[in-house]
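Count the sequence shown with my numbering and you get residues 3 to 177, in order.
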Amino acid sequence: MGIGIQFYLMAPLLGVASILQTTTANRLVVAGVKPDLVLLIVVIWTLIYGGSSGVVWAFVGGIWLDIFSGGPMGISSLSLMTAAVVASFGHRTFSRFNLLVPILAIVLGTLSFSFTYLGILQILAMLDVSQGALPFQQTFDNIVAPSVLYNTTLMLIAMPFLNRIPDNYAAERNL
């Protein structure tokens, strides 16, 4: 599969993942959190094809999420883009075939996504654009920490498939 077909399949894949994340994933709730499917796809793409294309697809996936979730427009895109930048350190610096690299990428990606998202919500609350502020410690304990564990578990499940996808460094130059 060349980069051309992957390029054309990624936008619909992110769209379907965002629809599943905002609708069907509600049935997959564990410890009060649901899987971050779009985040997982963006981190996997970034580990394989690099940060440049990862940030582009994070933006696209974030727009899809914002359209279907009803949250402030752009907040998911910005949050996913920070996660892609963090995960991009695992692209060439370290081998994604090492067990710790994808795990660390999804842990740090989930944390950066969550903290960026919550930080923007907090700023919007202080500016009286949105209603109510989130208590940080309670939000971290009840949402962020379980999300990190859930996404890490999903990455562990996805790793055998991730390691079968060949590297394609041309993808980073084409986007």
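From the three backbone atoms N, C-alpha and C, an ideal C-beta is built for every residue, glycine too. Remember, predicted model here, so these are calculated numbers, not experimental data.
(1) On the three-pair Cβ rule with 8 Å, is the segment 64-83 touching the segment 99-108?
(2) Whole angstroms is fine: what's the gap from L42's alpha carbon to I108's?
(3) G53 to L129, Cα distance in whole Å?
(4) Under a three-way DSSP split, which group does A173 fall into?
(5) What three-state label does DSSP hand V18 in the structure shown?
(6) Please return the same chain residues whose Cβ sits closer than 8 Å to the Cβ of F115, not counting the five positions on each side in sequence.
(7) Are the C-beta atoms of I122 and some chain C residue less than 8 Å apart?
(8) Taking its Cβ as the centre, do 16 or more other Cβ atoms sit within 10 Å of V146, making it buried, or is it exposed?
(9) Using a Cβ-Cβ cut-off of 7 Å (strictly less than) and excluding sequence neighbours within five positions of V44, which residues of its own chain qualify?
(10) Report the CB separation of A89 from T48 in whole angstroms; it is logged as a contact under 8 Å.
(11) Look at the alpha carbon of M161 and the alpha carbon of A13, and state the distance between them as a whole number of angstroms.
(12) Would you identify the three-state DSSP class for T31, choosing helix, strand or coil?
(13) If you reduce the DSSP assignment to three classes, tell me which class I167 lands in.
(14) Is T25 helix, strand or coil when you go by DSSP?
(15) Thinking just about the alpha-carbon of each residue, which of G92, L126 and G34 is nearest to the one in Q140?
(16) Smallest Cα separation from T25: which of I159, L67 and L158?
(17) Identify which residue in T112, N165 and L126 has its Cα closest to the Cα of P148.
To lay it out plainly:
(1) no
(2) Counting from one through the sequence shown, the residue named residue 42 turns up at place 40. Counting from one through the sequence shown, the residue named residue 108 turns up at place 106. Each residue's Cα considered, the two are about 7 Å apart.
(3) Numbered from its first residue, the sequence shown carries residue 53 at position 51. Numbered from its first residue, the sequence shown carries residue 129 at position 127. Taking the straight line joining both Cα atoms gives about 32 Å.
(4) Here residue 173 corresponds to residue number 171 of the sequence shown, with the count starting at 1. Low confidence applies here, because A173 scores a pLDDT of 45, under 50, leaving its location unreliable; read the following figure in that light. Helix at A173.
(5) Position 16 of the sequence shown, counted from the start, is the residue given in the question as residue 18. Correct three-state label for V18: helix.
(6) The residue given as residue 115 occupies position 113 in the sequence shown. Result list for F115: D38, L41, S81, L82, T84 and A85, in chain order.
(7) Protein chains in the displayed structure number just one, and chain C is not present.
(8) Residue 146 sits at position 144 when you count from the first residue of the sequence shown. So V146 ends up on the buried side.
(9) Counting from 1 along the sequence shown, the entry for residue 44 is found at position 42. Excluding sequence neighbours, V44 sits near G56, W59, A60, G63, L82, A85 and A86.
(10) Position 87 of the sequence shown, counting from 1, holds the residue named residue 89. Position 46 of the sequence shown, counting from 1, holds the residue named residue 48. Contact holds; Cβ gap of about 4 Å.
(11) One-based indexing of the sequence shown puts residue 161 at position 159. One-based indexing of the sequence shown puts residue 13 at position 11. If I take the Cα positions, the gap works out to 22 Å.
(12) Here residue 31 refers to the residue found at position 29 of the sequence shown. Here the sequence assigns Val to residue 31, which means Thr is not the residue at that position. Coil at V31, not helix or strand.
(13) Within the sequence shown, numbered from 1, the residue matching residue 167 stands at position 165. Three-state result, I167: coil.
(14) Taking the sequence shown and counting its residues from 1, the one referred to as residue 25 is at position 23. Coil, per DSSP.
(15) Position 138 of the sequence shown, counting from 1, holds the residue named residue 140. Nearest C-alpha to Q140: G34.
(16) For the purposes of this step, residue 25 is taken as the residue at position 23 of the sequence shown. Here the closest residue by C-alpha is L67.
(17) The residue you call residue 148 lines up with position 146 of the sequence shown. If we check each option's Cα against that of P148, T112 comes out closest.
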